[in-house]
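Encoded as structure tokens, the structure appears first; notes follow it.
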Amino acid sequence: MEPFTPATELAAAVRRREVSPVELAELYLGRMDKLDPELNAFCFRDDDRVLAEARAAAEEVTRRSPEELAPFHGIPLPIKDLNRREGWPTTFGSRGASPEPNTVSDVVVQRFVEAGFIPLGMTNSPEFGTVSFTESEAHGVTRNPWDTDHTPGGSSGGAASAVSSGMAPIAHASDGGGSIRIPASCCGLVGLKASRNRVPNGVNEIEGFGTSGVVSRTVADTAAVLDVIGRPDPLGWYNAPPPARPWAETSLEAAGPLRIGVTTTPPVAMPVDPACVQAVDLAVRALEGMGHSVEEVDLTTLVDANRFVEAFGVVWNTGSAGVPLVDWDAIEPLNAALRKAGRELDSISYVEGVALTQLLSRQVVAPFTTGLDVLVTPTMAVEPPRCGSVWEGADVDPMAAMFNCFPMGMFTSVWNVTGLPALSLPLHTSEAGLPVGVQFVAGPWREDLLLQLGTVLEQALPWADRRPAMAA
1203 MEPFTPATEL
1213 AAAVRRREVS
1223 PVELAELYLG
1233 RMDKLDPELN
1243 AFCFRDDDRV
1253 LAEARAAAEE
1263 VTRRSPEELA
1273 PFHGIPLPIK
1283 DLNRREGWPT
1293 TFGSRGASPE
1303 PNTVSDVVVQ
1313 RFVEAGFIPL
1323 GMTNSPEFGT
1333 VSFTESEAHG
1343 VTRNPWDTDH
1353 TPGGSSGGAA
1363 SAVSSGMAPI
1373 AHASDGGGSI
1383 RIPASCCGLV
1393 GLKASRNRVP
1403 NGVNEIEGFG
1413 TSGVVSRTVA
1423 DTAAVLDVIG
1433 RPDPLGWYNA
1443 PPPARPWAET
1453 SLEAAGPLRI
1463 GVTTTPPVAM
1473 PVDPACVQAV
1483 DLAVRALEGM
1493 GHSVEEVDLT
1503 TLVDANRFVE
1513 AFGVVWNTGS
1523 AGVPLVDWDA
1533 IEPLNAALRK
1543 AGRELDSISY
1553 VEGVALTQLL
1563 SRQVVAPFTT
1573 GLDVLVTPTM
1583 AVEPPRCGSV
1593 WEGADVDPMA
1603 AMFNCFPMGM
1613 FTSVWNVTGL
1623 PALSLPLHTS
1633 EAGLPVGVQF
1643 VAGPWREDLL
1653 LQLGTVLEQA
1663 LPWADRRPAM
1673 AA
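No gaps in the numbering here: position 430 of the sequence shown is 1632 in our numbering, and each next residue is one more.
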């Protein structure tokens, strides 16, 4: 079986008994042996457990009918090192983490397992998922399979590097400010940040800005996985309204004609690489050819971007709250600075900051309630930067690393605050041979529109046959 086969196709092949879960586990573990020493996508492996679970899955195939098997029965899927899988350690990308194995799995990990996935190790994240590069003192530098001098993005860079290089067919990822969409853009993958609380988190960390999902090769894979992990959680404080029908079905339906807004101007003034503008132009021409109405939108008129960034920072500074470290003195300088700022903020000021994010969000979301169906932007304002460049100036001021990430997250983080669904599609390749993503944002709870547009754009501007340099 070809390692770049989409997960839904692999699952169908398992049900037809054309390929065994053991064969798939051995295929991807072998590619990890070959490619990961250079890419450094994984921070933890447990090959014995993976193979044991694959053998159990293979035996179950012989005992059950195809209809009785879980939708992704026997398909390998890595877990990001910011979530817990029972029996494995989670380091949160930090030297201060406990080496002890987890005693429970997070809700989203439980749902992956219930859907039939076999966890395939843990993928690298920067410490606490704070920056848009996947580099940490604990686990080193994760590299982009398209050009190993460049970052795969972050914080789900390990996941994206693994899928893009064919070390996994699909991978768990999470997104608190762009951390699914940015790596998807950097590595030529599909990345959906679902609506707030579409995918249960267990705890609404950073005010629900963050959510789990996957990086995948196809829109169909993303839709099918959303069906299995995006179900309401009866124990959660809040759940996004469930869809009337499965996402995998509605994603195949025609969308439109739609009123689509487009902008290549970031909310905060900064240059945008020509390749990122070209990617949006490519998408716009395709959408117009499909009969959709496209118009320019100016994000800078919707909200005071500086106040928005300030309010976002109030919440972001508390990102380390609840992380179960055993040695806080071992954390990296950037997160030490953010944690210090968070601890110095009094509770009244924090609540005021959260309230401001909600008030400003209403201004940004308003156009989606008065006729705008979808907004199209670059996923990032830059092509994938070089590894290590995130730390420029950080020896003088640790916070420089955050500012160095702004061009990568300027188009993405606003949708974490508002809770709107956003999808990055790999529609373009730069002159340097690096993937360039385009972001599509829909109104409240309208993942269906994004998946429908993604499906037709995948047909119009196909990317399935593209392979990175590290694909061999």
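Think of the CB as a built atom: it goes at the ideal place given N, C-alpha and C, for glycine as much as any other residue.
Quiz item: Would you say I1408 and K1395 are within 7 angstroms of each other, going by their C-beta atoms?
Solution: no
Quiz item: What residues in its chain sit with their C-beta under 6 angstroms from that of S1626, if we drop five residues either side in the sequence?
Solution: R1383, A1386, S1387, G1393, T1581, G1639, Q1641
Exercise. Classify D1349 as helix, strand or coil using the three-state DSSP reduction.
Key: strand
Quiz item: In chain order, what residues of the same chain lie with their CB nearer than 6 angstroms to the CB of F1274, ignoring the 5 residues before and after it?
Solution: A1213, A1317, G1318, F1319
Quiz item: Roughly how many angstroms lie between the CA atoms of K1542 and M1601, to the nearest whole one?
Solution: Spanning the two alpha carbons is a distance of roughly 12 angstroms.
Quiz item: Alpha carbon to alpha carbon, how far is W1439 from R1398?
Solution: 12 angstroms
Exercise. Could you check which residue in R1487, L1501, T1502 has the C-alpha nearest to that of S1495?
Key: Among R1487, L1501, T1502, the Cα nearest to that of S1495 belongs to R1487.
Self-check item: Same chain only: Cβ atoms within 7 angstroms of S1363, ignoring 5 sequence neighbours per side
Solution: L1241, A1243, T1344, R1345, N1346, P1347, P1354, C1389.
Quiz prompt | Three-pair Cβ contact test at 8 angstroms for the stretch 1523-1539 versus the stretch 1427-1445 | solution = no
Self-check item: Runs of beta strand (DSSP E) lying entirely within the stretch 1366-1446, each at least 3 residues, in chain order
Solution: Runs found: 1373-1377, 1392-1395, 1413-1418.
Quiz item: Which partner residues of V1496 appear in the DSSP bridge assignment?
Solution: I1462
Quiz item: Exposed or buried, D1377, counting other C-beta atoms within 10 Å across all chains shown (16 or more means buried)?
Solution: buried
Quiz prompt | Element boundaries [beta strand (DSSP E), containing G1639] | solution = Unbroken beta strand (DSSP E) run through G1639: 1637-1644.
Self-check item: CB-CB length for L1322 against P1280, believed under 8 angstroms
Solution: 5 angstroms
Exercise. Out of V1224, V1578, E1585, state which residue places its alpha-carbon closest to the alpha-carbon of E1633.
Key: E1585
Quiz item: Cα-Cα, which of A1422, L1271, G1463 is closest to T1210?
Solution: Ranking the options by Cα distance to T1210, first place goes to A1422.
Quiz prompt | Buried versus exposed, by CB contacts within 10 Å (16 or more), R1530 | solution = Before going further, note that residue 1530 is Trp rather than Arg in the sequence given. Classification for W1530: exposed.
Quiz item: Can you tell which of E1455, A1457, D1475, V1479 has its C-alpha closest to the C-alpha of T1465?
Solution: V1479
Practice problem: Note down, one range per segment and in chain order, each beta strand (DSSP E) of at least 3 residues found wholly within the stretch 1263-1316. | Solution: 1278-1282
Practice problem: For the beta strand (DSSP E) holding S1222, just list the boundary residues, first then last. | Solution: Looking at the DSSP string, S1222 is not in any beta strand (DSSP E), and its letter there is neither H nor E.
Practice problem: Return helix, strand or coil for V1556, following the three-state DSSP convention. | Solution: Looking at V1556 - three-state DSSP - the assignment turns out to be helix.
Exercise. Thinking A1666 and T1420 are a contact (beta carbons under 8 angstroms), I'd like their distance in whole angstroms, please.
Key: 7 angstroms
Quiz item: Which of helix, strand or coil does DSSP assign to P1321?
Solution: strand
Practice problem: Could you pull the start and end residues of the alpha helix (DSSP H) that T1620 belongs to? | Solution: 1615-1620 is the extent of the alpha helix (DSSP H) around T1620.
Quiz item: Considering only residues of the same chain and omitting the five flanking positions on each side of Y1552, which have a CB-CB separation below 7 angstroms?
Solution: V1516
Self-check item: Reduced DSSP category for R1564 - H, G, I as helix; E, B as strand; rest coil
Solution: helix
Exercise. Specify, as a first and last residue, the run of the beta strand (DSSP E) that P1628 falls within.
Key: Run containing P1628: 1624-1631, per the beta strand (DSSP E) assignment.
Self-check item: At least three beta-carbon pairs within less than 8 angstroms, the stretch 1292-1302 to the stretch 1325-1339
Solution: The stretch 1292-1302 vs the stretch 1325-1339: in contact.
Quiz prompt | S1357 to F1335 span [Cα, whole Å] | solution = 6 angstroms
Quiz prompt | Simplified DSSP state of T1579, which is helix, strand or coil | solution = strand
Quiz item: Given a threshold of 16 other Cβ atoms within 10 Å of its Cβ, counted over all protein chains shown, does R1564 qualify as buried or as exposed?
Solution: Answer is exposed; the Cβ neighbour count stays below 16.
Quiz item: What does a CB cutoff of less than 6 angstroms around P1722 pick up in its chain, not counting 5 residues either side in sequence?
Solution: Here the chain covers residues 1203 to 1674 and nothing more, so residue 1722 does not appear.
Practice problem: Pick helix, strand or coil for C1245, following the three-state DSSP scheme. | Solution: strand
Quiz item: Three-state secondary structure (DSSP) at E1512?
Solution: Looking at E1512 - three-state DSSP - the assignment turns out to be helix.
Quiz item: Just how far apart, CA to CA, sit C1245 and L1237?
Solution: 14 angstroms
Quiz prompt | Closest residue to V1365 among V1315, V1310, A1340, K1282 (Cα-Cα distance) | solution = K1282
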